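Going by the working numbering, the sequence shown opens with residue -8, and the numbers climb by one from there. Beta carbons are placed, not taken as given, at the ideal position from N, Cα and C, and that holds for glycine. Computed from a prediction, not measured in an experiment: that's the story for all the values here. Reading through the structure tokens given below for one structure.
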Amino acid sequence: MTTATDKNQQLFERALKVIPGGVNSPVRAFKAVGGTPRFVQRAQGAYFWDANGQRYTDYIGSWGPMILGHGHPAVVDAVQKALLEGFSFGAPTEREVELAEEILSLVPSMEMLRLVSSGTEAAMSTIRLARGATGRNKIIKFEGCYHGHADALLVKAGSGLATFGSATSAGVPPEVVQHTLVLEYNHIAQLEEAFALHGKDIACLMIEPIAGNMNFVRASVPFMQRCRELCTQYGALLVLDEVMTGFRVALGSAQSVYAKAIPGFAPDMTVLGKVIGGGMPLAAFGGSRAVMEHLAPMGAVYQAGTLSGNPVATACGLATLREIRKPGFYEALAQSTQSLVSGLQAAADAEGVAFCSDSEGGMFGFFLLDQLPQNYPQVMKTSSPRFNQLFHGLLDRGVYIAPALYEAGFVSSAHTAEDIAATIEAARAVFKELSKA
Ligand code: PMP
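As structure tokens, this is what we get:
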């Protein structure tokens, strides 16, 4: 296809004139992998179609929310009904209470929650609340985990445990990140040392339990257990950022997966987004009543939002949750996700391509590496040129995976066994090319 006939390219050129980088969120620009971003015209089920009318099997699903696939009839119906009743009121509604009740019934570690419009807002508000509730300033995060783009969370590790992080974005003053301590994921000794040094000043430890922002790296069970123990010992709040894993890896979210391995395990606070909005701008944060009652108007921690608890978004989220809580939903989703990763593994093995993969529920990751990485530096040992070749090879064959090697993938209930078999066949052809490279 030439530039003259490629409508994606034409739209990208138009977009570049009016939107920085031509996109409203950086990873969409294909900067890491090169080439022209696909401009989506419409989506249905497991597929979307680009501006040229080309169909792709979608393993991003809006970066996680579309667990039922696109345009699920029950969700479309709920959204259409809600739309006719009004788009936004800026006043309470029964539906937002219903959604809160539904989420709390499925994630028992939370007694109360507040709805917001994005994961960034939810994580940012959680940090403020943790600081307000504990009267402490310092926070712990882990290298490779992403919690949205609030200033205090755009940090990389400092030169040692005594030094706090430095900003990863221009425009973030050093003073704003001086209280954020960035540690290596899955490194128990370093975690213990950090608490020994700073424990009594730490308001919260925030972690992605399965880190989808470094493709797919699980917090090991002993590491998660140590996070829990040290937070309890020093009076810091353990915050699980389940924006990606929430209702994606299991009906009880990743915390239910850890609770199976660690008796009595529960976080103090949970950050949710993506699936709970079913593709609409909706996120939440919650925890114990004692902590949540520090929020305004009850308490002294301010937090607010014009569109928070939006009636159309809550209708979309509720309809989504009602589908995914049906018996057998996660068993089937996990089974199709496993069949995808095991098929990819077999195809890579047959072609002699170094490959490893993991999945939980409807979330998966794979690496062009011999062994599953345990932390960010290990993830980044992946060869970018080889990943880019895999990405474009799949894209050319109508399979859309994340355009960056540090992002997770998602399977929806709309992906059929035939879709997955076709994806494995496409990957087999690309692995053949990779084995010759
Ligand atoms: N936390 C995690 C774990 C995420 O994956 C993301 C976004 N991918 C966020 C927070 C931020 O969410 P949002 O993009 O809705 O602001």
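How many Å lie between F320 and V107 at the Cα? 27 Å
Closer than 7 Å: V234 CB and nearest the ligand PMP heavy atom: yes
Run the proximity test for G308: is its beta-carbon closer than 7 Å to any non-hydrogen atom belonging to the ligand PMP? no
Measuring alpha carbon to alpha carbon, tell me which residue in E175, L172 and V146 is nearest G162. V146
Which word fits A187, buried or exposed, when buried means at least 16 other C-beta atoms lie within 10 angstroms of its C-beta? exposed
The ligand PMP heavy atoms versus the CB of E199: any closer than 7 Å? yes
Taking its Cβ as the centre, do 16 or more other Cβ atoms sit within 10 Å of M289, making it buried, or is it exposed? exposed
Alpha-carbon to alpha-carbon, L59 and L75: 23 Å
Quick check on Q0: buried or exposed, where buried means 16 or more other Cβ atoms within 10 Å of its Cβ? buried
Where V24 and G126 are concerned, what is the direct C-alpha to C-alpha distance, given to the nearest angstrom? 44 Å
Between the alpha carbons of N128 and L229, how many angstroms are there, rounded? 15 Å
Using a 10 Å radius around the Cβ and a threshold of 16 neighbouring Cβ atoms, would you call R33 buried or exposed? exposed
Boundaries of the alpha helix (DSSP H) in which G356 is found, first to last residue: That residue, G356, is in no alpha helix (DSSP H); its beta strand (DSSP E) goes M354 to F358.
Between the alpha carbons of E4 and S374, how many angstroms are there, rounded? 29 Å
A114: beta carbon under 7 Å from a heavy atom of the ligand PMP? yes
Regarding A274 and the ligand PMP, is the C-beta to nearest heavy atom distance less than 7 Å? yes
Closest by CA to C222, which one among G190, P213 and R105? G190
DSSP state of Q369, grouped into three classes? helix
Pull up the CB-CB distance for F355 and V402, whole angstroms please, since I reckon it's below 8 Å. 7 Å
Near Y391, which residues of its chain fall below 8 Å by C-beta distance, leaving aside the five closest residues on each side in sequence? R29, F39, Y47, T48, D49, Y50, I51 and L385
Let me know the secondary structure DSSP gives A65 once reduced to three states. helix
From which residue to which residue does the beta strand (DSSP E) around Y50 run? Neither: Y50 is in no beta strand (DSSP E) and is coded neither H nor E.
Determine the contact status of N204 and Y293, defining contact as a CB-CB distance below 8 Å. no
Give me the Cβ distance between I198 and F133, rounded to the nearest whole Å; I'm assuming they're in contact under 8 Å. 6 Å
If I measure Cβ to Cβ from A69 and keep anything under 8 Å in the same chain, skipping five residues before and after, which residues do I get? A306, C307, L309 and A310
Could you please give me the residues that DSSP links to G278 through a beta bridge? M103 and M260
I'd like to check one pair, A121 with C195: are the Cβ atoms closer than 8 Å? yes
Could you give the distance in angstroms between the alpha-carbon of Q169 and the alpha-carbon of S157? 8 Å
Quick one: grab the DSSP three-state call for K132. strand
Residues bridged to T171 by DSSP? I130
Kindly indicate which residue of T(-4), V173 and G110 has the alpha-carbon position closest to the one of Y367. V173
Residue from A408, M271, A143 and K423 with nearest C-alpha to H61: M271
Helix or strand or just coil, what does DSSP make of E233? strand
Quick check: does the Cβ of H138 come within less than 7 Å of any heavy atom belonging to the ligand PMP? yes
Ignore the nearest five residues each way along the sequence and tell me which others in T297's own chain have a CB closer than 7 Å to its CB. G81
When burial is assigned at 16 or more other CB atoms within 10 Å of the CB, is R209 buried or exposed? buried
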